[in-house]
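Each residue of the sequence shown is one higher than the last, beginning at 617 in the numbering used here.
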Amino acid sequence: MSGANRIPGKGRLTPARTARFTVDGRILTALEGDSVASALLANGIHLVGRSFKYHRPRGILTAGPEEPNALLDISRDSARRQPNVRAPVQEVFDGMRVQTQNRWPSLSMDIGAVNDLMSPFFAAGFYYKTFMWPKSFWHKIYEPIIRRAAGLGVAPTEDDTDHYANRYAHCDVMVVGGGVAGLTAALAAAETGASVIICDEQPEMGGAFHYDTGAVIDGQNGYDWAQATVAKLNTMDNVTVLPRTTAFGYYNHNFLGLAERITDHIAKPAKGSPRERLWQVRAKKVVLATGAIERHMVFANNDRPGIMLASAARTYLNHYGVAVGAKVAIYTAHDSAYEAAIDLKKAGVQIVAIIDSRRNPGAGVMADAQAAGIEVLTEHCVLDTAGRLRVKSITIASKGGFDRRKLAVDALLMSGGWTPSVHLFSQSRGKLRFEATTQRFLPDIYVQDSICIGACNGTDDMHELLVEAYASGARLAKEAGAEGESGGQPSGANTHIWTGGMIGAAEGAGPDDAVKAFIDFQHDVCAKDIRLAVREGMHSIEHIKRFTTNGMASDQGKLSNMHGLAIAAEMLGKEIPQVGLTTFRAPYTPVTFGTLINHSRGELFDPTRKTPMHDLETALGADFEDVGNWKRAWYYPKPGEDMHAAVNRECKTVREVAGVFNASTLGKIEVVGPDAAKFLNLIYTNPWDSLKPGKCRYGIMTRDDGFIYDDGVVGRLAEDRFHVTTTTGGAARVLNHMEDYLQTEFPELKVWLTSASEQWAVIAVQGPKACEIIEPFVEGIDISNEAFPHMSVAEGKFCGVPTRLFRVSFTGEVGFEINVPADYGASVFEAVWKRAESMGACLYGTETMHVLRAEKGYIIVGQDTDGTLTPDDANYGWAVSKKKTDFVGIRGLKRPDLVKEGRKQLVGLYTKDPNEVLEEGAQIVTNPNQPKPMTMLGHVTSSYWSENLGRSIAIAMVAGGRARMGETLYVPMPDKTISVEVTDMVFFDKEGGRIHG
């Protein structure tokens, strides 16, 4: 048996297909297609958890993702376990293990329930006023207790063995929501030929038709019509149908994040199958058909297990074939609850009474209820409930509290009306309007290219909804570029047009009552807590939210926000729109870390990047260092050499003969288009109009504030094409920087940016014999000094493969950087090294590169700069154009603080003892004997032993540095003070003749 509360002949599941699972060790049987919630209810289980603060018993409240109570720990084994899974969303699979949460030692006997007795001490905001004295108690007593109490579930401790997937997609029309509105819009758009993606969080699309059995569309039952429509969409090549997929975020430029549950419902997923997939969708048009969420009624002790939303009970009956009770009462202020009562009555469930707070319910539902023999008590209210682990009885009365009586029940259904689900619309930065007649917020001003349809747009009539959805889908498809024609519009009608609804506290839970009438079930926020917040001086709804934590649970206030607003407005004496609305943020529902990070974990969390020559360099004996994500050859020791000996040898060899260096990690960006030079003029401080094709120029890039952001050599390949190089660590951020300005500040420019960092492998050959080494390999380029001087670039062939050959140097020697397609990087490197080795050259790594560039006074952005240096501070004032009227940072560079005297500037340092090598980061002072704290002038940015100079050298950032040439300064160290002399930054070949050969 799949549960004693399963009603034969009801529901859409197949009785022959069963699944066994355990709950807290108890073995239960479900039907295939059951949610955990429906399976528990079928087995007579309502108690599923304990509330966060008071540890009150809680039962299943909803049948959807808005569920605040039934949060469970779901696992396959100890490694594949997830806490806080919503029971109505999770499908049962054979072998599933379910554990209840937030209780000890057991769910029915939870010691934490003592908090409920002590609730007067835990009023809203109590944590702002307690745990403050004595101060010494915080770290040893208060904080440990609070940390242990925080949260509901227990985080997994073992590595997750599941796989996760990621997919990017573009479409003409993205439809969120698979109810009648979403399906109609998707079909209308798809029939025009537009590419369509439609997603819905349920396993089967159909939306409200999961519970509503009365609607008819095109002569079919609503649910059957929905399945037929899905089947039709699945046959269309231009449509992607995604069930079990939640649109959790709506971001800029019609970019949506979707979380697809792929194998969470399968007992034995195929090996390698992903558990979940993250879809990142960019859509030309977005249709939001996200429906509406039923509200609960706010009255005393409305949280007992067995009390749930009317639509939830109707879903469990009509879709899953489960009766939520044997003696059921309904408390409502809205017509929709009547249909739940009538459906249950027809299924053989005893309906004790419908208690309606209104005087005049809808005539149609009233007549149907009376025809079914159901007692309807209008202008009545539920004042209280009784029952410890499940509701046993309710106390009702007529308005004013008269004629009180108790009714024995085992379930109470409630409905305060429906709240349009505008969460994604709000995430898109759309603005809402308040419709006073129906007391709901509806979409008003659109910011992105989207439209809301159906219940989330306040469209209640089925005929009007179908017209709206069909027209919207067809129109948006045409606007996206589709040229076909849609088919015929569906026709249909509701059984009844629902009326009524209320927000705020019902009778018996008003301002003069101190009862626990819950608004936010998960965080135990009551109507009285909202009132207390207002009395405490909280007048902004955002302050009230934080003071009470209303809407801050994992359901993000899907049930509680409107009630909280109404109660706050009543206390403040304002209309609801004047109080405002809290901010809806992504994600719409919780998303697992696994879905978001996908493969980015373990070794791939911070992936190691290797150049095409990495294996060859390893074979050649390189020791590597980490530079960002890159593995770079640090130095190449020979037998018996330590690092210092190897670097000294490499430095001497490069200066005397030549060296070969792997420079592939340099950032490379292709800037192409008729406005390419104009764009670079705006991005860099120096001019680019005058740079001729075939020539290179060193460029400095500043931020808006005028401080150095990056640097590199830029080669002009043609009038409309530039090859831009960046620092190794700056490639991604520079491209982002460029894209940001191109899209937001200079959108009129015809320029295209492409990352080429992985496209080209780069071999640098530096030294007096560099030209002689590479000459036999070069085809189609004259590399003589006269034809190809320093700062030249040309395209040709090298070792028979395409090349971009640069004559540039980061050592001060004759230098070439050979760019070849990455696939040929290793073979070209090997060929160059074979010839270089025969001529007495060496391989050298990043440490030697650092020493050689420091000998010439070349800076490294990020090492010699710290985000507070201008080009002039770094002695690169010559690189700032005096003629340009605009570039990024031009106004920042004119700020008084950036041109005043005494700024920190880069200078060179010689230690008085030439054998003393300074520590990088060491502080510099004028007087080492001054009292502490000393006044620091600056610090050492780069420091090395120079074998070519036979002494130490350093670069430092020093206040007023250029005015201190020849001055003696001091570097205090823990065990001694080192004297240094300020000098210029060029230590080797001050005339600069070697670079030209």
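Think of the CB as a built atom: it goes at the ideal place given N, C-alpha and C, for glycine as much as any other residue.
The structure presented is a predicted model; accordingly, all values stated were derived computationally and were not measured.
Its chain contains I1012 as the residues whose beta carbon lies nearer than 7 angstroms to that of R1021, once the 5 sequence neighbours on both sides are disregarded; these appear in chain order.
Inter-residue distance for K1520 and N868 is about 41 angstroms (C-alpha atoms, whole angstroms).
A straight line joining the alpha-carbon of I1389 with that of G1456 spans about 10 angstroms.
Between G922 and R860, the beta carbon gap of about 29 angstroms keeps them out of contact (Cβ cut-off 8 angstroms). Take the alpha-carbon of S1170 and the one of V1381: they are about 59 angstroms apart. In this structure, the straight-line span from the alpha carbon of S811 to that of S1102 is close to 13 angstroms. Annotation for Y1086: the continuous alpha helix (DSSP H) segment containing it runs M1078 to E1095.
Excluding sequence positions up to five before and after A781, its CB lies within less than 8 angstroms of the CB of I878, P890, E892, R893, L894 and N1214, all in the same chain and listed in chain order. DSSP, reduced to helix, strand and coil, places K1268 within a helical segment of the structure shown. For the options T1115, D1140 and K1144, the alpha carbon positioned closest to that of A1121 is the one of K1144.
Shortest Cα-Cα distance from P1127 to any of I762, R1147 and M1118 involves R1147. Taking each of G728, G1033, I909 and E1391 in turn and checking the Cα distance to H1039, the smallest one comes out for I909.
Sequence-distant Cβ neighbours of G888 in its own chain, meaning closer than 7 angstroms and more than five residues away, are H779. Cα atoms of P772 and S691: separation of roughly 10 angstroms, rounded to the nearest angstrom. With the rule of 3 Cβ pairs closer than 8 angstroms, the stretch 971-991 counts as touching the stretch 939-956.
Counting only runs of at least 3 residues, the stretch 750-832 fully encloses the following beta strand (DSSP E) elements, listed from N- to C-terminal order: 779-792 and 812-815.
8 angstroms or more divides the Cβ of S1497 from the Cβ of V1533. If you draw a straight line from the Cα of G1289 to the Cα of T1301, it comes to about 20 angstroms. Boundaries cannot be given for I1476, as no alpha helix (DSSP H) includes it and DSSP labels it neither H nor E. Of all alpha-carbon atoms in S1009, L1358, D732 and L1296, the one lying nearest the alpha-carbon of R1332 is that of L1296. 8 angstroms or more divides the Cβ of G1428 from the Cβ of D1600.
Nearest neighbour of T1342 by Cα position, chosen from G1283, I1399 and L1298, turns out to be G1283. Inter-segment contact for the stretch 1298-1316 and the stretch 1351-1363 is present: three or more beta-carbon pairs are separated by less than 8 angstroms.
Within the stretch 1351-1423, the runs of alpha helix (DSSP H) at least 4 residues long that lie entirely inside it are, in chain order, 1386-1390. Relative to G793, the option among D1060, V846, W1034 and R783 whose CA is nearest is V846. DSSP places V1025 in the coil class of the three-state scheme, outside both helix and strand. A1570 and Y1560 have their C-alpha atoms spaced approximately 6 angstroms apart.
In this structure, the straight-line span from the alpha carbon of S1037 to that of S1014 is close to 33 angstroms. Residues of the same chain with a CB within less than 6 angstroms of the CB of M1550, apart from the 5 flanking positions on each side, are V1541 in chain order.
When secondary structure is reduced to three states using DSSP, H1555 falls in the strand class. Residue pairing of Y1300 in beta bridges, as defined by DSSP: M1317.
Straight-line measurement puts the Cα of I1476 at about 17 angstroms from the Cα of V1574.
When C-alpha distances from G873 are compared across P1106, H786 and A926, the shortest belongs to H786.
Using a Cβ distance threshold of 8 angstroms, F1404 and R1420 do not count as a contacting pair. The alpha helix (DSSP H) runs lying completely inside the stretch 973-1028 and spanning 4 residues or more are 979-987, given in chain order. The C-beta of N1543 has fewer than 16 other C-beta atoms within 10 Å across all chains shown, which makes the residue exposed.
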